[in-house]
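The sequence shown begins at 1 in full-length UniProt numbering and counts up one residue at a time.
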Amino acid sequence: MDSREDLPRVSVDSVQAWHRLKNNCRTAALASLEEHIAAHGLIGERDALVAHTNQFVERTFQMAQPNLRINGQNYESLDQDEQNTEPFDEALDRRIWSLADTRLQWQKRIAETRRTLPQEIATTILDLFDQHRITDGEEMGALGGDTTGGEDTEPEENDDALPRYSEVEQRFQKTLAIGEEMHQMVASQEERAERMRTVSGEVKALKF
């Protein structure tokens, strides 16, 4: 969905195309009316019915105007007297805004990550310290009791503590890598959006 509007508008290439669409609808409505008049013998009421049909078509298209974009501009802000309006690339415009939306989403994700990851890392480190204190306490108890048992269990406790250090280090490195990847992707999206704006400006500046 376009971030500029809660509801997307119907896009038409030009004012002339909009008038042509309205005329086609009026022609079809009047043709259907003529068939109805002939089938039901309403010749005497023809003028009134035609007037009502024209009024209906006109009112219908007036109601549609607030939901209309012509040549990339909202209908209410369009200069309908301007004949040489430069063509508007709707696909390019939507692509630019899509990139802007993607950039905004990445910014939100980075902000959320910056808010939550430090606490997660701090909790992990505190858990590691607690486990290390428990390990130290068990080792001290073993040394104070059975020396032989302490010698047998000490390598296992040290070997068990090392993977925890390695796990914390891996998680921290992964966190840094994710942050760097997000930063690079946001920068890349910004650069692409800027290039597309430049190309759009150059295309619009061309005179055929």
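In this text, a Cβ means the ideal position worked out from N, Cα and C, and glycines have one as well. Note that the structure is a prediction, hence the values are computed from the model and not measured.
Considering only residues of the same chain and omitting the five flanking positions on each side of residue 57, which have a CB-CB separation below 8 Å?
As a working note, residue 57 is residue 57 in the sequence shown. Excluding positions up to five away in sequence, the list reads 22, 25, 26, 29.
Would you check if the distance between the CB atom of residue 75 and the CB atom of residue 65 is smaller than 8 Å?
Reading the sequence shown from its first residue, position 75 is the one you call residue 75. Reading the sequence shown from its first residue, position 65 is the one you call residue 65. For residue 75 and residue 65, yes; Cβs fall inside 8 Å.
Kindly list the residues whose CB is nearer than 8 Å to the CB of residue 156, restricted to its own chain and excluding five residues on each side of it in sequence; keep chain order.
Mapped onto the sequence shown, residue 156 falls at position 156. Its pLDDT being 48, under 50, residue 156 is placed unreliably in this model, and the value from its coordinates should be taken loosely. Apart from sequence neighbours up to five positions away, no residue of its chain approaches residue 156 with a beta-carbon distance below 8 Å.
Quick check: what's the CA-CA separation for residue 111 versus residue 185?
Taking the first residue of the sequence shown as position 1, residue 111 is located at position 111. Taking the first residue of the sequence shown as position 1, residue 185 is located at position 185. In this structure, the alpha-carbon of residue 111 lies about 14 Å from that of residue 185.
Is the number of C-beta pairs between the region 188 to 197 and the region 96 to 114 that are closer than 8 Å three or more?
With a cut-off of 8 Å, the region 96 to 114 and the region 188 to 197 count as touching, because enough Cβ pairs lie within range.
Rounded C-beta distance between residue 68 and residue 12? I'm assuming under 8 Å.
In the sequence shown, the residue the question calls residue 68 occupies position 68. In the sequence shown, the residue the question calls residue 12 occupies position 12. Indeed, because the Cβ distance is near 7 Å, the residues count as touching under 8 Å.
Name, in chain order, the residues that DSSP records as bridge partners for residue 70.
Position 70 of the sequence shown, counting from 1, holds the residue named residue 70. Partner(s): 12, 73.
Status (buried if at least 16 other CB within 10 Å, exposed otherwise) for residue 96:
By 1-based counting over the sequence shown, the position of residue 96 is 96. That one is buried.
For a test of the three-state rule: what should DSSP assign to residue 41, helix, strand or coil?
Working through the sequence shown from its first residue, we reach residue 41 at position 41. Here DSSP, grouped into helix, strand and coil, assigns residue 41 to coil.
Comparing C-alpha positions only, which one of 174, 127, 71, 77 sits nearest to residue 113?
As a working mapping, residue 113 is identified with position 113 in the sequence shown. Nearest of 174, 127, 71, 77 to residue 113, Cα basis: 174.
With a cut-off of 8 Å on the beta carbons, I'd call residue 33 and residue 53 a contact; round off their distance for me.
Working through the sequence shown from its first residue, we reach residue 33 at position 33. Working through the sequence shown from its first residue, we reach residue 53 at position 53. With a Cβ gap of about 5 Å, residue 33 and residue 53 count as contacting.
Apart from the five residues on each side of it in sequence, which residues of its chain come closer than 7 Å, Cβ to Cβ, to residue 43?
Locating residue 43 in the sequence shown gives position 43, where the first residue counts as 1. Excluding residues within five positions, the ones whose Cβ falls inside 7 Å are 37.
Residue 73 burial status per 10 Å Cβ neighbour count (16 or more: buried):
Along the sequence shown, read from residue 1 onward, the residue named residue 73 stands at position 73. By the 10 Å Cβ count, residue 73 comes out exposed.
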